[in-house]
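Participant: To start, I am sharing the structure in question, which I have written as structure tokens.
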Amino acid sequence: MKSVLVRYIAIIFLLFFASCSKSNIIYSQDYLISVEAQGVVEEIRIAYQDKKRDFLSKNLSPSLSREIGLEFDKADLSFDYKLIKIEGERISMKLTWHAECTVNGEKYDREGSALFILTGRPMKLLDIKGENPFICHRVMERSYLGS
Numbered sequence: 017m018k019s020v021l022v023r024y025i026a027i028i029f030l031l032f033f034a035s036c037s038k039s040n041i042i043y044s045q046d047y048l049i050s051v052e053a054q055g056v057v058e059e060i061r062i063a064y065q066d067k068k069r070d071f072l073s074k075n076l077s078p079s080l081s082r083e084i085g086l087e088f089d090k091a092d093l094s095f096d097y098k099l100i101k102i103e104g105e106r107i108s109m110k111l112t113w114h115a116e117c118t119v120n121g122e123k124y125d126r127e128g129s130a131l132f133i134l135t136g137r138p139m140k141l142l143d144i145k146g147e148n149p150f151i152c153h154r155v156m157e158r159s160y161l162g163s
């Protein structure tokens, strides 16, 4: 009787562990959209650093594309994603950023936070609320002085 009970328990454990060892992971649609949005923002960041204006024009709204200044010798930009909110076709991405920019041999170090608004298929960066990481410090100073 004991051996039958032990066999029965062993079969139950085997079935339990066999059913839990599936490697098929199904991701939610929201997860896939958030990964895509992060990928788009990373591509834009790299294009900015490499001064690829054509790529930026295709992946940004016209107004944002005009705002971005590529008047730097070198730029290093990093993002830390804090929150991604999906509302239909509109994706809001809260992030902090750090930028090191060199203009005519002068180094500028900036950091801040922003809310990126993405939309559409394929996704485009529509707007930036808060501090725009794609503007070097010297370019900002010049625009404030009216030059």
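With our numbering applied, the sequence shown corresponds to residues 17 to 163, in that order.
Glycine included, each C-beta is placed from N, C-alpha and C at the ideal position.
#1: Taking DSSP's pairing of strands, which residues face residue 94 in a bridge?
#2: Looking at the structure shown, is residue 99 part of a helix, part of a strand, or coil, going by DSSP?
#3: If you run the structure through DSSP and keep just helix, strand and coil, what is residue 52?
#4: Grab the span of the beta strand (DSSP E) containing residue 71 for me, first residue to last.
#5: Measuring only the C-alpha atoms, how far is residue 105 from residue 135?
#6: Which stretch, first to last residue, makes up the alpha helix (DSSP H) that contains residue 80?
#7: Between residue 40 and residue 141, what straight-line distance do the alpha-carbon atoms span, to the nearest angstrom?
#8: How long is the line joining the alpha carbons of residue 71 and residue 60, rounded to whole angstroms?
#9: Tell me the DSSP bridge mates of residue 130?
#10: CA-CA distance, residue 102 and residue 145?
#11: Going by beta carbon distance, what residues of the same chain come within less than 7 angstroms of residue 82, once the five residues before and after it are set aside?
#12: How many Å lie between residue 138 and residue 53 at the Cα?
Facilitator: In short:
#1: 114
#2: strand
#3: helix
#4: Run containing residue 71: none in the beta strand (DSSP E); it sits in the alpha helix (DSSP H), 69–75.
#5: Cα to Cα, residue 105 sits roughly 6 angstroms from residue 135.
#6: 78–83
#7: 33 angstroms
#8: 8 angstroms
#9: 111 and 146
#10: 16 angstroms
#11: Hits under 7 angstroms: none found.
#12: 10 angstroms
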